[in-house]
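Just so you know, we're using UniProt numbering here: the sequence shown kicks off at 1 and counts up by one. Even for Gly, the Cβ is constructed at its ideal location relative to N, Cα and C.
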Amino acid sequence: MAGNASNNGSPTGALFLGVSLFAVASYFPHIMGGTPDAATDLYTGFFKLMGGAAILEGVGGYLRAWRQRRKRKESEQVSGIFGQASFATLEECEAAGLCDPAGLYLGLMDGQPLFYSGKAHLLTCAPARQGKGIGFVIPNLLHYQGSVIVTDPKGELAAVTARHRQERFGQDVAVFNPWGLHGLPRHRINPLEILIAMAGDPAAQRGLTDEVKAVVMQLYPEPEDTRNQYFREGSRGIMRAVLLYLALCTPQRCTLPELWRIIANPLRLERTITAMQREESLGGVLADLADDLAHQMQDNPDLFGDFRAGAVQRLSIFEPGSFLADAVSGSDIALADLKAGATSLYLAFPPDRIASHGAVLGLIVNQAITAVSRAPERGEVLFLLDEFANLGKLSGLAESLTALPGLGVRVWMVVQELAEITRIYGQHTAKTVQSQAEVRQFFAVNSDELAQSLSRALGQKTVKTLNLNLGRSETDDIGESLSESGQPLMRAEEIAKMAPTQQLLLLKGMKPILGQRVPFWFIAPWAGWATPNPVEGDYPQEEPLIRLGYNATPE
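Printed below as a string of structure tokens:
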């Protein structure tokens, strides 16, 4: 659109002039003495003619001004040709069901708490020490009344929320706590119980070999550096064969410490292989595996010794007498039962043990997902996986994420960087994992790459720009024009500089949400439900910003 700032006359002035001339024409004969003559008539007609012309000019001026205003208003309307991205409003969130407190707590928008009631998976990404625990993990453990398995670095989550879930929600609470953190209970979990159950069920034995392979791969995953893969596979072969033997032939001794005990002792391993050769289980598969190991021992004992040493090293965390050995030597809770009733299972580990012992956490989580998904009951279990990357690569997770919600499994992955998922699962599989999260949550973004990626994901909006042409001299008219261009809904630098209370929520099928986050102690009654943190101490006593209502007992 083009405009001009010059003054072409006022429509109001023209109307005033026209009316004035008509008035003069009306009184002109009286002014001239009241006797009409040719000159008087001529002047009267002239005044009327000029008055009429002025009135027409005034009316035309108003019409032109009206048309100009309408054109300007139309030109100021954004066409959306470069994009129509915008943030969701609270009304749109309400229409999408995000204000239903039956779901998982996501944060705030305009002082209104948001909840997700869908059945799909969730992903939270934020750096360490930025409030993931106090802002979302603890609030959901205080709020969500369904069964949950939660990884608990430092044991703080159990210390703060377990009593509440047991007393108020009436749940069975178990804490896998090999190191006895904070005086919490120490329940045992045998992650091999699925193998034992499959071995004892003739209808399920056909899948036992594959299940054993998955367990061994979880215990001895393939690193980024693929060198020496031959030796790792040799170690895995020993572990698979012995584990299959324990599940089929001595289920009462099918534990990880027993697996270490057999492989660590060359004589015991040799006797076990001999016993395996006499077995006809699985149509002779077990005997075939034993024959292969026996040939390796005989043909190249040094190489077999290297294979055995690699297996022993990977299993050393389960050596009898270690903190972990007793914790995995039996089961005080059946993983498959999590789906049947209201149960909370905390997997508590000291932070300094995660790097060396994270594999067992990953194994327990993976086996729990398998057990819950296979259980016939219609319940649902939330896997709240804080420090998700520390679990290592969960065998088969990426491939099964699509089907898991229909089987009663919902996964909430909490990571410090998206790059962690890529590092563990590879670029292609990492994209699959992320795409299966229907809710993605980001705050305290400190990565330029992530900020750029989020800016692209938010999309572009079309904006109007007013351009001024000042001319070549001071007396020239000022020209105006409006043009359109595309602009990110939120620039990368704006994302990186979000306020400490802000967050981005990306939900499939919805506009992005620019929401808020606050520590749980600003929301009543959560502050009163939480037990003091044994590491951080008491939480601040703040005036609640929001109050939520709950039934006296869980439904």
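- request: Have a look at D288, L545 and L394 and flag the residue whose alpha-carbon is nearest the alpha-carbon of V216.
  value: Taking the first residue of the sequence shown as position 1, residue 216 is located at position 216. Selected option, being the one with the closest Cα: L394.
task: Have a look at the DSSP bridge pairing and note the partners of residue 581.
output: Residue coverage of the chain in this structure runs from 1 to 555, which leaves residue 581 outside it and unanswerable.
query: Which term fits H121, buried or exposed, when burial requires 16 or more other beta carbons within 10 angstroms of its beta carbon?
result: Walking along the sequence shown from the start, residue 121 turns up at place 121. With 16 or more neighbouring CB atoms inside 10 Å of its own CB, H121 falls in the buried class.
- prompt: Does the stretch 383 to 397 touch the stretch 245 to 258, meaning 3 or more C-beta pairs lie closer than 8 Å?
  reply: no
query: By the 10 Å Cβ neighbour count, where 16 or more other Cβ atoms means buried, how is R427 classified, buried or exposed?
result: Working through the sequence shown from its first residue, we reach residue 427 at position 427. First, the amino acid is wrong: residue 427 is Gln here, not Arg. Looking at its Cβ environment, which holds fewer than 16 other Cβ atoms inside 10 Å, Q427 is exposed.
message: Assuming contact is defined by CB atoms lying nearer than 8 Å, are residue 556 and A327 in contact in what I supplied?
response: A query on residue 556 cannot be resolved here, the shown segment of the chain reaching from 1 to 555 and no further.
query: So I194 is in the alpha helix (DSSP H); what residue range does that whole segment cover?
result: As a first step, residue 194 must be located in the sequence shown, where it is residue number 194. Looking at the DSSP string, the run of the alpha helix (DSSP H) that includes I194 is E193 to A199.
message: I'd like to know if the stretch 228 to 247 and the stretch 292 to 306 are in contact, where contact means that at least 3 CB-CB pairs between them fall below 8 Å.
response: yes
field: Range covered by the beta strand (DSSP E) that runs through Y346
entry: Counted from its first residue, the sequence shown places residue 346 at position 346. Its beta strand (DSSP E) spans residues T343 to F349.
task: Determine the DSSP secondary structure at A54, reduced to helix, strand or coil.
output: Locating residue 54 in the sequence shown gives position 54, counting from the first residue. DSSP places A54 in helix when its eight states are reduced to three.
field: Alpha carbon of Q367 to alpha carbon of S373, nearest angstrom
entry: Start at 1 with the first residue of the sequence shown, and residue 367 comes out as number 367. Start at 1 with the first residue of the sequence shown, and residue 373 comes out as number 373. Distance between the alpha carbons of Q367 and S373 is about 10 Å.
message: Suppose contacts are defined by Cβ-Cβ distances below 8 Å. Is R517 in contact with L108 by that definition?
response: In the sequence shown, residue 517 corresponds to position 517, counting from 1. In the sequence shown, residue 108 corresponds to position 108, counting from 1. Contact: yes.
query: Is the CB-CB distance between E417 and S447 below 8 Å?
result: By one-based count along the sequence shown, residue 417 stands at place 417. By one-based count along the sequence shown, residue 447 stands at place 447. Result yes, Cβ atoms of E417 and S447 sit closer than 8 Å.
Pairwise C-alpha distance: P257 and G321: Numbered from 1 along the sequence shown, position 321 holds the residue referred to as residue 321. Numbered from 1 along the sequence shown, position 257 holds the residue referred to as residue 257. Those two C-alpha atoms are separated by around 9 Å.
message: I'd like the span of the beta strand (DSSP E) that includes C249, first residue to last.
response: The residue given as residue 249 occupies position 249 in the sequence shown. Taken as a continuous stretch (DSSP letters only), C249 belongs to no beta strand (DSSP E), being part of the alpha helix (DSSP H) at Q229 to C249.
query: How is residue 562 classed by DSSP in three states: helix, strand or coil?
result: Nothing about residue 562 can be reported from this structure: the residues present for the chain run from 1 to 555 only.
field: From P540, I189, T161 and L259, residue whose alpha carbon lies closest to that of R314
entry: Within the sequence shown, residue 314 is the residue found at index 314, counting from 1. The shortest C-alpha separation from R314 is found at L259.
query: Is there at least one Cβ from chain B nearer than 8 Å to Q313's Cβ?
result: Absent here is chain B; the protein component of the structure consists of one chain.
field: Unbroken beta strand (DSSP E) run spanning Q516, endpoints
entry: For the purposes of this step, residue 516 is taken as the residue at position 516 of the sequence shown. Run containing Q516: I513 to Q516, per the beta strand (DSSP E) assignment.
- prompt: From this set, V360, K339 and Q460, which residue's C-alpha is nearest G146's C-alpha?
  reply: Residue mapping note: residue 146 aligns to position 146 of the sequence shown, counting from 1. Ranking V360, K339 and Q460 by Cα distance to G146 puts K339 first.
Separation of T531 from L545, as counted between CA atoms: Counted from its first residue, the sequence shown places residue 545 at position 545. Counted from its first residue, the sequence shown places residue 531 at position 531. Approximately 20 Å between the Cα atoms of the pair.
- request: Using the Cα positions of R186 and V175, report the straight-line distance between them to the nearest angstrom.
  value: Here residue 186 corresponds to residue number 186 of the sequence shown, with the count starting at 1. Here residue 175 corresponds to residue number 175 of the sequence shown, with the count starting at 1. Those two C-alpha atoms are separated by around 6 Å.
Residue closest to L49, alpha-carbon to alpha-carbon, out of P540, E91, S20 and W521: The sequence position of residue 49 within the sequence shown is 49, counting from 1. Cα-wise, what sits closest to L49 is S20.
message: Can you tell me whether F455 is buried or exposed? The criterion is at least 16 other CB atoms within 10 Å of its CB, across all chains shown.
response: The residue labelled residue 455 in the question sits at position 455 within the sequence shown. Residue identity differs from the one stated: residue 455 is Ser in this sequence, not Phe. Its Cβ being crowded by 16 or more others within 10 Å, S455 is buried.
message: DSSP has C125 in a bridge; who is on the other side?
response: By 1-based counting over the sequence shown, the position of residue 125 is 125. Bridge partners of C125: V415 and F442.
- prompt: Taking all protein chains shown into account, do 16 or more other C-beta atoms lie within 10 angstroms of the C-beta of Y550, making it buried, or fewer, making it exposed?
  reply: Translated into the one-based positions of the sequence shown, residue 550 becomes position 550. Looking at its Cβ environment, which holds fewer than 16 other Cβ atoms inside 10 Å, Y550 is exposed.
query: So, are the CB atoms of F443 and R410 less than 8 Å apart?
result: Counting from 1 along the sequence shown, the entry for residue 443 is found at position 443. Counting from 1 along the sequence shown, the entry for residue 410 is found at position 410. The answer is no: Cβ separation not under 8 Å.
field: Contact set for W529: own chain, Cβ-Cβ below 6 Å, skip 5 residues either direction
entry: Counting from one through the sequence shown, the residue named residue 529 turns up at place 529. Closer than 6 Å at the Cβ level, and outside the excluded window around W529, lie L142 and H164.
task: Label P178 either buried or exposed according to how many other C-beta atoms from any shown protein chain fall within 10 Å of its C-beta, with 16 as the threshold for buried.
output: To locate residue 178, count along the sequence shown from 1; it is residue 178. With 16 or more other Cβ atoms within 10 Å, it is buried.
task: Give the straight-line distance between the Cα atoms of N140 and H295, rounded to the nearest whole angstrom.
output: As a working note, residue 140 is residue 140 in the sequence shown. As a working note, residue 295 is residue 295 in the sequence shown. Looking at the two C-alpha atoms, the distance is approximately 55 Å.
task: Take P11 and list the residues in its own chain whose beta-carbon comes closer than 6 Å to its own, dropping the five residues that flank it on each side.
output: Sequence index remark: in the sequence shown, residue 11 carries index 11 (1-based). Correct list, in chain order: G58, G61 and Y62.
field: As assigned by DSSP and simplified to three states, the class of N4
entry: Locating residue 4 in the sequence shown gives position 4, counting from the first residue. Unreliable positioning characterises N4 in this predicted model, as indicated by a pLDDT of 43, which lies under 50. A coordinate reading is not provided.
- request: Kindly indicate which three-state DSSP category F136 falls into: helix, strand or coil?
  value: Here residue 136 corresponds to residue number 136 of the sequence shown, with the count starting at 1. In this structure, DSSP gives F136 a helical state, which the three-state scheme calls helix.
query: Exposed or buried, which one is Q252 when buried takes at least 16 other CB atoms within 10 Å?
result: Position 252 of the sequence shown holds residue 252. That one is exposed.
message: Can you tell me whether L42 is buried or exposed? The criterion is at least 16 other CB atoms within 10 Å of its CB, across all chains shown.
response: Walking along the sequence shown from the start, residue 42 turns up at place 42. Residue environment analysis places L42 among the exposed positions, since fewer than 16 neighbouring C-beta atoms fall within 10 angstroms of its C-beta.
message: As a quick exercise: from I55, I81 and F46, pick the residue whose alpha carbon is nearest that of V463.
response: Indexing the sequence shown from 1 puts residue 463 at position 463. Nearest of I55, I81 and F46 to V463, Cα basis: I81.
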